[in-house]
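Per the numbering used here: the sequence shown = residues 204 to 461. No residue lacks a Cβ here, since even glycine has one placed at the ideal position from N, Cα and C. Here the structure is a predicted model, which means the values were calculated and not measured. Following: one structure in structure tokens, then a few remarks.
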Amino acid sequence: MPVADREEPPVLRVEALAKQFDGLRAVDGVSFDVARGEIVGIIGPNGAGKTVLINLISGFYPATSGSVHLAGEDVTSLPLHEIGRRGIARTFQNIRLFRRMTVLENVLIADQRHARRPARAFFAFGRQRTEIARAARYLELMGLAARADRLAGTLPYGEARRLEIARALATEPKLLMLDEPAAGMNEEETAELVQDVRRARAAVDAIVLIEHDMSLIQALSDRVVAMDYGRVMAAGTPAEVLADPNVQRAYLGEEGGP
């Protein structure tokens, strides 16, 4: 009798994850999966625990309890740099770039395969064509190819956000986590960001998107997890979650829809 194929594990599995700070449970028993090809949005009011959650998944904080699995591998207790090497990359609410380096150099230096040797050594002993070509691909993907030789500190805000995503993609992650990428963007920049994230989706196995902008969540997310007081209060399709009365009260502040 033929053996049935094993079911593919989710790209990300979070199980009963919790984090306590001085008696306060900032994340309290959160569980959810992200399947291959999915974009999962995380929403919730300020203080709901969203950024703490992403910090736990990416290794910036150690978990008090619970577990994080990446493609079936338990990465809960791994150090930050090792979690990055295993395939989790993220962006931040506050843009983190090397402002005095060029756009291309920012993407080159982001590749974590070079993290064990000084950046000066990487640039001093030659930039291999394959590395430059790979970096150029991510700049092209984010619409920044024409900005390759420009100093990162001179980029407009929306392009700086794109560069941060390109830097994350340069680590060739399985999972890309975006922490409020539309923060500070105007309507036109947000519309462009939707296309940027859709292109980024093709370069990774899955995306987790933390965002306050409901238009962005609805445009991009396959599923949504809504948090409040560190817990999951609703999960499902964007329409299902945004129609949930608890979500409307906690996040939207009213009984009506967004």
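- With respect to K377, G290 sits close: the two C-beta atoms are nearer than 7 Å.
- Going by C-alpha positions, I286 is about 7 Å away from G262.
- Take A405, set aside five residues on each side of it, and no residue of its chain has a beta-carbon closer than 6 Å to its own.
- Per DSSP, the unbroken alpha helix (DSSP H) holding M417 starts and ends at M417 to L423.
- When the alpha-carbon of G275 is set against those of L227, Q223, R402 and E211, the nearest one is in E211.
- Distance from the CA of R452 to the CA of D382, rounded to the nearest whole angstrom, comes to 23 Å.
- For secondary structure counted as the beta strand (DSSP E) over 3 or more consecutive residues, the stretch 366–431 holds these complete runs in sequence order: 378–382, 409–413 and 426–431.
- Between the stretch 350–362 and the stretch 385–405, the count of C-beta pairs closer than 8 Å reaches three or more; the two stretches touch.
- Taking a cut-off of 8 Å for Cβ pairs, the stretch 436–447 and the stretch 254–272 do not touch, as fewer than three such pairs fall below it.
- Approximately 5 Å separates the beta-carbon atoms of I242 and D425; this is inside 8 Å, confirming the contact.
- Bridge partners of S270 according to DSSP: E218.
- Assigned with DSSP and collapsed to three states, A446 falls in coil, not helix or strand.
- Taken through DSSP and simplified to helix, strand or coil, G240 comes out as coil.
- With a beta-carbon spacing of about 26 Å, A238 and P265 fall beyond the 8 Å limit used to define contacts.
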